[in-house]
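2 protein chains.
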Amino acid sequence: MAAKRSGARSKRSQRISELLQPVQEPHSEPPLSRERIVATAVELLDAQGVDGLTMRRLADRLGSGVMSLYWHVDNKEDVFDLALDSVLEYRGPPQIVESQDWRGEVVHMLEDWRASMLRHPWSASLLPRRALGPNILGRLELLSKSLSRAGIADADVNVAIWSLWNYVMGATITRASFDRSDDDRAAAQQRLTRLSERYPTIERTRLLLDNDWDGAFRKGLGFLLDGLSPR
Amino acid sequence: MAAKRSGARSKRSQRISELLQPVQEPHSEPPLSRERIVATAVELLDAQGVDGLTMRRLADRLGSGVMSLYWHVDNKEDVFDLALDSVLEYRGPPQIVESQDWRGEVVHMLEDWRASMLRHPWSASLLPRRALGPNILGRLELLSKSLSRAGIADADVNVAIWSLWNYVMGATITRASFDRSDDDRAAAQQRLTRLSERYPTIERTRLLLDNDWDGAFRKGLGFLLDGLSPR
DNA sequence: ATGTATCTCGTACACGGTACGAGTCGCCGT
DNA sequence: ACGGCGACTCGTACCGTGTACGAGATACAT
Numbered sequence: 059m060a061a062k063r064s065g066a067r068s069k070r071s072q073r074i075s076e077l078l079q080p081v082q083e084p085h086s087e088p089p090l091s092r093e094r095i096v097a098t099a100v101e102l103l104d105a106q107g108v109d110g111l112t113m114r115r116l117a118d119r120l121g122s123g124v125m126s127l128y129w130h131v132d133n134k135e136d137v138f139d140l141a142l143d144s145v146l147e148y149r150g151p152p153q154i155v156e157s158q159d160w161r162g163e164v165v166h167m168l169e170d171w172r173a174s175m176l177r178h179p180w181s182a183s184l185l186p187r188r189a190l191g192p193n194i195l196g197r198l199e200l201l202s203k204s205l206s207r208a209g210i211a212d213a214d215v216n217v218a219i220w221s222l223w224n225y226v227m228g229a230t231i232t233r234a235s236f237d238r239s240d241d242d243r244a245a246a247q248q249r250l251t252r253l254s255e256r257y258p259t260i261e262r263t264r265l266l267l268d269n270d271w272d273g274a275f276r277k278g279l280g281f282l283l284d285g286l287s288p289r
Numbered sequence: 059m060a061a062k063r064s065g066a067r068s069k070r071s072q073r074i075s076e077l078l079q080p081v082q083e084p085h086s087e088p089p090l091s092r093e094r095i096v097a098t099a100v101e102l103l104d105a106q107g108v109d110g111l112t113m114r115r116l117a118d119r120l121g122s123g124v125m126s127l128y129w130h131v132d133n134k135e136d137v138f139d140l141a142l143d144s145v146l147e148y149r150g151p152p153q154i155v156e157s158q159d160w161r162g163e164v165v166h167m168l169e170d171w172r173a174s175m176l177r178h179p180w181s182a183s184l185l186p187r188r189a190l191g192p193n194i195l196g197r198l199e200l201l202s203k204s205l206s207r208a209g210i211a212d213a214d215v216n217v218a219i220w221s222l223w224n225y226v227m228g229a230t231i232t233r234a235s236f237d238r239s240d241d242d243r244a245a246a247q248q249r250l251t252r253l254s255e256r257y258p259t260i261e262r263t264r265l266l267l268d269n270d271w272d273g274a275f276r277k278g279l280g281f282l283l284d285g286l287s288p289r
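In the order they appear, the protein sequences are chains A and B.
If you want this note's numbering, it's the position in the first sequence, counting the first as 1, plus 58.
If you want this note's numbering, it's the position in the second sequence, counting the first as 1, plus 58.
What follows is the structure, encoded as structure tokens:
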């Protein structure tokens with residue numbers, strides 16, 4: 059009944075054998091490990107998208123049997139969680155940004171967050187459905203500190219975090235899925251022009267955004283921060 | 059090579075037979091139709107979530123064979139598109155809101171939008187990945203008019219729409235997925251309290267949001283609109 | 001009577017996640 | 001020296017999925 063490695067993840071004991079003899083066979087793959095699995099999963103996701111990740115493909119790419127994966131990870135969901143968090147590290151703002159400049163801090167972190175997710179377009183739409191990993195929690199914590207330092211009332215800080223989260227997630231999820239569906243750009247183009255007769259605004263908006271998503275994100279974020287700033 | 063009903067959807071010709079003889083058998087299901095399929099798909103999605111919708115279950119519930127569905131619908135993706143759009147109708151603001159009150163108009167539409175998606179929690183996370191249906195386009199169109207009437211500069215209207223879209227989508231997707239993962243509330247609770255030692259802000263935020271998501275949404279939206287309003 | 005269009009559906013296939021249990025290997029206590 | 005045990009690998013099998021294919025059924029036009 060109990061799964062082999064359910065809750066407590068017993069990392070294998072550092073593989074002493076490998077430390078002694080450098081390489082067993084010339085072309086043998088390095089042994090499986092949670093880290094290697096996650097890294098390869100990210101590769102696969104980047105290359106093929108969410109649906110491209112299957113346990114079989116993952117095992118192939120790792121040069122192992124499918125079921126071997128299940129000793130290191132609980133199931134496919136687990137792989138998603140780990141891949142997701144591995145992609146969301148944050149190293150903090152550059153030194154250039156001074157600690158007085160709360161707004162610069164916040165903007166830098168959020169733009170970095172968005173950029174990280176856009177580098178791995180599968181990640182954004184996955185994030186809301188999965189458990190919050192340590193890296194996102196760290197970002198939220200940092201956000202909270204900056205906003206408090208900005209002089210925003212304690213009662214409003216939560217709402218502010220929530221608003222910024224919403225904005226970033228919405229923007230990035232939407233942007234990422236636009237990229238993906240542009241595979242069939244011809245069809246999309248045709249569909250849109252057909253629609254723009256009935257919905258005159260859409261075409262205008264699309265054109266503007268198509269050329270400058272980054273600028274639009276930054277500008278909208280600016281408006282939001284304007285609204286959030288203490289008066 | 060050409061699919062039976064690829065692009066041009068040839069609606070069947072009103073089933074004359076049924077108009078003549080009211081019911082063929084006492085307990086026979088009404089005939090299949092795109093509308094009935096979509097309505098049943100929505101039922102299924104509401105009851106079982108995204109993964110609960112399978113073509114076989116859908117056919118069962120409709121009392122038909124699986125492959126019969128494929129005459130009315132291109133594929134499963136098509137079903138998602140149709141179900142999604144069918145859930146996003148908007149009837150416009152109530153008469154109480156006067157046409158001068160652009161802000162009231164916008165708030166009403168956006169809150170209605172969010173409410174519609176939360177009534178069907180599968181819908182929010184699906185929306186960004188799917189083609190924009192007529193009902194969402196209609197909402198965006200309306201948004202655009204209200205904002206122009208508000209006196210927002212033309213160049214900024216696009217960014218404003220984009221920002222509001224982002225906010226609503228982010229808020230709703232996140233909220234909807236919280237609901238879903240609360241099935242295992244015990245586990246979530248434990249996980250969060252364990253985390254809140256390292257990330258003190260999180261617990262506070264969660265508590266606030268847990269009790270008053272609607273209020274937080276409204277308040278954050280207020281901040282955003284403050285930032286967007288012409289100065 | 002003979003098509004022809006509309007609609008239904010049984011069968012079959014390729015592919016997905018993963019349960020089960022038999023293997024291999026190296027270390028440790030005796 | 002040996003027996004056992006824990007760490008790890010993996011082949012096979014099962015069931016559930018979307019949907020291609022093509023054989024029917026029905027109604028209507030000619």
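From the three backbone atoms N, C-alpha and C, an ideal C-beta is built for every residue, glycine too.
Can you pull the chain B residues whose beta carbon is under 8 Å from the beta carbon of Trp223/A, in chain order?
-> Taking the first sequence and counting its residues from 1, the one referred to as residue 223/A is at position 165. Ordered by position in chain B, the residues that pass the 8 Å Cβ test against Trp223/A are Gly228 and Thr232.
Roughly how many angstroms lie between the CA atoms of Lys203/A and Asp212/A, to the nearest whole one?
-> On the first sequence, position 145 is the one that residue 203/A refers to. On the first sequence, position 154 is the one that residue 212/A refers to. About 11 Å.
For Pro288/B and chain A, any beta-carbon pair shorter than 8 Å?
-> In the second sequence, the residue the question calls residue 288/B occupies position 230. Chain A, which has no Cβ nearer than 8 Å to the Cβ of Pro288/B, makes this no.
Would you list, in sequence order, the uninterrupted alpha helix (DSSP H) runs of no fewer than 4 residues that lie entirely inside the segment 139-195 of chain B?
-> 160-177 and 180-184
Taking Gly107/B as the query, report the chain A residues whose CB atoms sit under 8 Å from its CB, ordered along the chain.
-> Position 49 of the second sequence holds residue 107/B. Within 8 Å Cβ-Cβ: nothing; Gly107/B doesn't reach chain A, min ~11 Å.
Is it true that the segment 159-173 of chain B meets the segment 117-127 of chain B, where meeting means three or more beta-carbon pairs spaced less than 8 Å apart?
-> no
Local conformation of Val131/B per DSSP, three classes = In the second sequence, residue 131/B corresponds to position 73, counting from 1. Val131/B: coil per DSSP, three-state reduction.
Drop a sphere of 10 angstroms on the beta-carbon of Asp237/A, count the other beta-carbons inside from all chains shown, and report buried for 16 or more, exposed for fewer.
-> On the first sequence, residue 237/A is found 179 positions in, with the first residue counted as 1. Label assigned to Asp237/A: exposed.
Can Pro192/B be considered in contact with the ligand FMN, in the sense that its beta carbon sits closer than 7 Å to one or more heavy atoms?
-> The ligand content of the structure shown is nil, which means the ligand FMN is not present either.
Report the three-state DSSP secondary structure of Thr112/B (helix, strand or coil).
-> In the second sequence, counting from the first residue as 1, residue 112/B sits at position 54. Thr112/B: coil per DSSP, three-state reduction.
From the beta carbon of Trp220/A, is the nearest beta carbon of chain B less than 8 Å away?
-> As a first step, residue 220/A is located in the first sequence; it is residue number 162 there, counting from the start. Answer yes: the Cβ-Cβ gap between Trp220/A and chain B drops below 8 Å somewhere.
List, in order along the chain, the chain A residues whose C-beta lies closer than 7 Å to that of Asp284/B?
-> Translated into the one-based positions of the second sequence, residue 284/B becomes position 226. The contacting residues are Gly285.
Tell me whether Pro258/B sits in a helix, a strand or coil according to DSSP, three-state version.
-> The count along the second sequence starts at 1 and reaches residue 258/B at position 200. Helix, per DSSP.
At a CB-CB cut-off below 7 Å, which residues of chain A make contact with Arg187/B?
-> Here residue 187/B corresponds to residue number 129 of the second sequence, with the count starting at 1. Residues of chain A with a Cβ closer than 7 Å to the Cβ of Arg187/B are, in chain order, Ser183 and Ser235.
Return the CA-CA distance between Arg256/A and Ile194/A, expressed in angstroms with no decimal places.
-> On the first sequence, position 198 is the one that residue 256/A refers to. On the first sequence, position 136 is the one that residue 194/A refers to. Rounded to whole angstroms, Arg256/A to Ile194/A spans 41 Å at the Cα level.
Could you check what DSSP says for Ile95/B in three-state terms: helix, strand or coil?
-> What you label residue 95/B is simply residue 37 of the second sequence in a count that begins at 1. Correct three-state label for Ile95/B: helix.
Beta carbon proximity, Val145/B to chain A, threshold 8 Å | Within the second sequence, numbered from 1, the residue matching residue 145/B stands at position 87. False, the Cβ-Cβ gap to chain A never drops below 8 Å.
Contact belief for Ala182/B with Ala234/B at Cβ below 8 Å, rounded distance in angstroms = Start at 1 with the first residue of the second sequence, and residue 182/B comes out as number 124. Start at 1 with the first residue of the second sequence, and residue 234/B comes out as number 176. Sure, about 5 Å apart at Cβ, within 8 Å.
Nonlocal neighbours in the same chain, by C-beta distance under 8 Å from Thr98/A, ignoring five residues either side = Residue numbering aside, residue 98/A sits at position 40 when the first sequence is read from its first letter. Only Leu116, Arg119 and Leu120 meet the Cβ criterion.
Can you tell me whether Pro288/A is buried or exposed, with buried defined as 16 or more other CB within 10 angstroms of its CB?
-> Against the first sequence, residue 288/A aligns to sequence position 230. Pro288/A is exposed by the Cβ-count criterion.
Residues near His85/A in its chain [Cβ-Cβ closer than 6 Å; skip 5 each side] | On the first sequence, position 27 is the one that residue 85/A refers to. Residue confidence for His85/A is low, a pLDDT of 47 falling below 50, so the modelled location carries little weight and cannot support an answer.
Excluding the 5 residues preceding and the 5 following Leu205/B in the sequence, name in chain order all residues of the same chain whose CB lies nearer than 6 Å to its CB.
-> Within the second sequence, numbered from 1, the residue matching residue 205/B stands at position 147. Same-chain partners within the cutoff: Val215 and Ala218.
N-terminal and C-terminal residue of the alpha helix (DSSP H) that Leu282/A is part of = Numbered from its first residue, the first sequence carries residue 282/A at position 224. That run of the alpha helix (DSSP H) goes Trp271 to Leu286.
So Asn224/B and Gly280/A are in contact, right, with Cβ under 8 Å, and what is the actual spacing, rounded?
-> Here residue 224/B corresponds to residue number 166 of the second sequence, with the count starting at 1. Here residue 280/A corresponds to residue number 222 of the first sequence, with the count starting at 1. With a beta-carbon spacing of about 13 Å, Asn224/B and Gly280/A fall beyond the 8 Å limit used to define contacts.
At 9 Å on the CB atoms, spell out the chain A contacts of Leu148/B, in chain order.
-> Counting from one through the second sequence, the residue named residue 148/B turns up at place 90. Note on residue identity: the sequence assigns Tyr, not Leu, to residue 148/B. Near Tyr148/B there are no residues of chain A at all, since even the closest Cβ is about 13 Å away, more than 9 Å.
Would you identify the three-state DSSP class for Ile219/A, choosing helix, strand or coil?
-> Stepping through the first sequence from its first residue, residue 219/A is reached at position 161. Note: Ile219/A maps to helix in three-state DSSP.
Do Val108/B and Ala141/B have their C-beta atoms within less than 8 Å of each other?
-> The count along the second sequence starts at 1 and reaches residue 108/B at position 50. The count along the second sequence starts at 1 and reaches residue 141/B at position 83. Taking 8 Å as the Cβ cut-off, Val108/B and Ala141/B do not qualify as a contacting pair.
Cβ shell of Val145/A (< 8 Å), same chain only, five flanking positions each side left out = Within the first sequence, the letter at position 87 stands for residue 145/A. Excluding residues within five positions, the ones whose Cβ falls inside 8 Å are Val100, Ser174, Met175, Arg177, His178 and Ser181.
What do you get for Arg207/B, buried or exposed, if any count of 16 or more other CB atoms within 10 angstroms of its CB means buried?
-> As a working note, residue 207/B is residue 149 in the second sequence. The residue in question, Arg207/B, is exposed, as its Cβ has fewer than 16 Cβ neighbours within 10 Å.
8 Å contact criterion, which Leu200/B and Leu282/B should meet: CB distance rounded | Position 142 of the second sequence, counted from the start, is the residue given in the question as residue 200/B. Position 224 of the second sequence, counted from the start, is the residue given in the question as residue 282/B. About 18 Å separates the two Cβ atoms, so there is no contact after all.
So, using beta-carbon positions, are Trp171/A and Arg187/A closer together than 8 Å?
-> For this step, residue 171/A is matched to residue 113 along the first sequence. For this step, residue 187/A is matched to residue 129 along the first sequence. No; because the gap between Cβ atoms is not below 8 Å, this pair is not in contact.
Out of Leu111/B, Gly209/B, Gly278/B and Trp129/B, point me to the one whose CA is closest to Asp159/B's CA.
-> The count along the second sequence starts at 1 and reaches residue 159/B at position 101. Closest by alpha carbon: Gly209/B.
How big is the Cα-Cα spacing for Gly278/B and Leu111/A?
-> As a working mapping, residue 278/B is identified with position 220 in the second sequence. As a working mapping, residue 111/A is identified with position 53 in the first sequence. Each residue's alpha carbon lies about 37 Å from the other.
Inter-residue spacing [alpha-carbon to alpha-carbon] between Asp272/A and Tyr148/A = By 1-based counting over the first sequence, the position of residue 272/A is 214. By 1-based counting over the first sequence, the position of residue 148/A is 90. Distance between the alpha carbons of Asp272/A and Tyr148/A is about 19 Å.
Reduced DSSP category for Ser204/A - H, G, I as helix; E, B as strand; rest coil | Indexing the first sequence from 1 puts residue 204/A at position 146. The answer is helix: DSSP assigns Ser204/A an H, G or I state.
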